Amino acid sequence: MIKEATISAIPTSADGLSRVDGRAKVTGSARYSAEYKLDGMTYAVLVGSTITKGSIASIDTKAAEKAPGVLAVVTYLNAPKVPGYQVAKNPAKPEAKSGPLKVFYDDKIMLNNHPVAMVIADTFERAQYGASLVKATYNKEAHDTKPPKDLSKGTEPWGGKEFSRGTKDAWQNAPIKLEQEYTIPNEFHNPMELHAIIAKWDSDDKLTVWDKTQGVKATRGDIAKVFKLKEEDVQVNSQFVGGAFGSALQVWPHEVAAIIGAKVVKRPVKLVLSRPDMFNSVGYRPYTWQKIGIGATADGKLVGITHEAAGQTSSYEDFAEGPINTSKGLYACPNVTTHYKIVSLDVGTPTWMRGPGEATGAFALESALDELSYKLKVDPIELRMINYAKTDPDNGKPYSSKYLDEAYEMGAKQIGWKDRKVEPAQTMQNGWLVGYGMGGGMFGAYRDKATVKAVMAADGILTLQTAVSDIGPGTGTAMTLIAAERMGISPDKIKFEMGESSLPDAPMQGGSATTATVGGAVYDACTDLKQKFQKLMGNGGADKLDYAKILKDHNLPSLDVTVQSSLGADGQKYSMQSWSVHFTKVLVHPTTGVVKIDKVVCVADSGTIVSPKTARSQIVGGAIGGIGMALMEEGVIDHRYGRYVNNNFADYHVPVNADIPQIEALFVNKPDLQINKMGAKGMGEIALIGMAAAVANAVYNATGKRVRDLPITADKLI
């Protein structure tokens, strides 16, 4: 067991428990994947292609191999064969996509900066220098990185076939109707921590990695599959993750490359991606075009919604995020038609990005609903309440809980919605135009299967063990609070061990399911452990127990339980969703078009709030991400070369402190006891979903100018 996996709670302050890993992070004792020091460590640097499509004509590695400290240069010509890559092609489908990018597999170039070589040296600097000496020539082919104007020629991914409820395209027959198109550019995760891995072969068939991953069990399974190893012979460690939010949900080529490198040099290999590498190596939010047709009666009752969308994917692998999903169920609309396609380009594969397809789709849907409100001359909140869904419109099931109406009321009051003018461009504040906007969101409230081991030792310390990763939301803190309440002990008597594949099973941290899933297992494990202690005491077992004394009285060093927990059969009777609404007040300079976010109020309906401090951080973080999505984030490709020109923090703009206003996070905080016994549902995704639309709608209210292609930049307002 690696000791860094253990985190102990610090005392609770007046406003709730602070992060249990906070001290480790601010003092530097927390170790991230690139920070482990192993005997014989070596360092790898990737060499990327300078073309976007074609093949390698020649590759000269002699100078690099002779450079000081260089131990090996790996290319497709000398790389050991990866067993999982050796799959026979299907002659019946010669054009079929091959799946994830295979590194050092053949001479083909599939995207710009495609890894063509890896230099391994005894220091990082020597590896970098060696990489600069690798020279390749190419057989260049015409590439295509620009989404076509006509996206109807895309292909239907799995689950992407046309969906209809009620009458197809019924919006066209409504008394009041509109049809608009919306686009979202490529957006990139860019967490502060670069993706990194250390790979070490313990023997020919046993492997240990320290990796940035959102799920050590899933990563272990994927690595075992690629290298044809037994899962139990692969150990994956990921105790601390400096942000991921979708970018670490799968094994990427650089991870496979490091494992190959460790096999070649027979020593541990560390590979850390550069910031430019992050733009084409670990996924991104894909460029997406959307068209919304929406119709209503004169009194605001929705008649129909048609939502078409098309997003980009890579030439070698399909990725589909389903931006049309939100339109199926956010409002009580009897007639809904959706259609989704993907278009293959010579780019890297996209991936889920915090609040994935639902965030993309909510920008279009919530912008369109705002546009409809002006046509109807109905307040945007009133329009949503007219079409409030009390049961799931998609399947007819009752909701396990829904208090979105209360969220509307709370947020409107806090933002000062009463000050909003119905007509745009009517209010000035110190020479700036003032506008108010809102946008709502929904995301499935999921509960997966998880196993937790709980051990109470004779010193009164409770240790909880499970393999979940923590990508930043404060999982250890929430689990500590659940256990403290259930066991009736102080949080500083609890240790939470996680982030190792040798620990009991837990799913990926993604889809806003960790608190509901792992928290549910912690609750159940603590319940069973407490019952074990009560049985030791006999019929006179008290609710408030002195666990250390009971163990001492029975001459026991410890008592433990291992519990697997999941959603019960009764949960299938309900539609389980989390809900949010975001309100923004913006200031727009009438001459320069500069947009300032003056105030943000976000309200989450996500069941019981287990950890108030970290919950607020989730909501604030999502709101900041939404500000970036709305106003500044955009990956720019020079399509002549197929290369990103703003693949750095200087040119790829994200919100900084000067861009971030007062953000208020409010919670309905009513339990949903159908999902788990704490009543807690996910909130990570809903913190972002709808936020970009809230900003865009506020900008329209301020200026009368509707921006449908993100980001909203000054040139689009003047």
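Numbers in my numbering are just positions in the sequence shown, counted from 1, shifted up by 67.
For glycine and all other residues, C-beta sits at the position ideal for the given N, C-alpha and C.
Just so we're clear, the structure is a prediction, and the values are computed from it rather than from any experiment.
CA-to-CA, the gap between residue 219 and residue 358 works out to about 11 Å. Membership of residue 195 in any beta strand (DSSP E) is not indicated; the residue belongs instead to the alpha helix (DSSP H) covering 191 to 199. Taken through DSSP and simplified to helix, strand or coil, residue 380 comes out as strand. Beta-carbon to beta-carbon, residue 107 and residue 176 are separated by about 33 Å, too far to satisfy the 8 Å threshold. Shown here, residue 238 sits in a helix according to DSSP, grouped into three states. Out of 376, 400, 723 and 733, the CA that lies nearest to the CA of residue 217 is found in 376. Within the region 648 to 691, the runs of beta strand (DSSP E) that reach at least 3 residues and sit entirely inside it are, in chain order, 662 to 672. Scanning 189, 255 and 781 for the CA closest to the CA of residue 337 turns up 189. Residue burial is scored here from C-beta neighbours: residue 125 has fewer than 16 other C-beta atoms within 10 angstroms and is therefore classed as exposed.
For residue 205, no alpha helix (DSSP H) encloses it; the enclosing beta strand (DSSP E) starts and ends at 202 to 207. Put simply, of 488, 267 and 463 the residue whose alpha carbon is nearest the alpha carbon of residue 444 is 488. Residue range 230 to 232 is occupied by the beta strand (DSSP E) that includes residue 232. Between the alpha carbons of residue 253 and residue 646 lies a gap of roughly 26 Å. Counting only unbroken stretches of 3 or more residues, the beta strand (DSSP E) elements lying wholly within the region 292 to 318 are 301 to 304, in sequence order. Residue 724 and residue 279 have their C-alpha atoms roughly 27 Å apart.
By the CB criterion at 9 Å, residue 661 and residue 762 fall outside the cutoff. Listed in chain order, the non-local C-beta contacts of residue 508 below 6 Å within the same chain comprise 429, 647, 753, 756 and 757, local neighbours out to five positions each way being set aside. Under the 10 Å beta carbon count, residue 181 is surrounded by 16 or more other beta carbons and is classified as buried.
Taken atom to atom, the span from the alpha-carbon of residue 123 to that of residue 193 is near 25 Å. DSSP lists 642 as the beta-bridge partner residues of residue 466. Remark: fewer than three beta-carbon pairs, one from each stretch, lie closer than 8 Å, so the region 607 to 621 and the region 478 to 485 are not flagged as touching. Around the beta carbon of residue 437, 16 or more other beta carbons lie within 10 angstroms, which makes this residue buried.
The region 711 to 730 makes no contact with the region 457 to 466; the number of CB pairs closer than 8 Å stays below 3. By the neighbour-count criterion, in which a residue is buried when 16 or more other Cβ atoms sit within 10 angstroms of its Cβ, residue 672 is buried. Cα atoms of residue 512 and residue 779: separation of roughly 31 Å, rounded to the nearest angstrom. For residue 547, the uninterrupted alpha helix (DSSP H) segment begins and ends at 542 to 554. DSSP, read as helix, strand or coil, puts residue 415 in coil. Collapsing the DSSP output to three states places residue 699 in coil. For residue 506, the uninterrupted beta strand (DSSP E) segment begins and ends at 499 to 511.
Within the same chain, 311, 315, 316, 536, 538, 575, 576 and 577 come within 6 Å of residue 281 by CB-CB distance, once the 5 residues on both sides are set aside. C-alpha of residue 636 to C-alpha of residue 468: approximately 17 Å in a straight line. For residue 133, the secondary structure class from DSSP, reduced to helix, strand or coil, is helix.
Rounded to the nearest whole angstrom, the C-alpha separation of residue 205 and residue 179 is 12 Å.
Under the DSSP assignment, residue 122 falls outside any alpha helix (DSSP H), being part of the beta strand (DSSP E) whose first and last residues are 121 to 127.
Residue environment for residue 225: exposed (fewer than 16 other C-beta atoms within 10 angstroms of its C-beta).
In the pairwise beta carbon analysis, the region 701 to 714 is classified as touching the region 343 to 353: at least three pairs are separated by under 8 Å.
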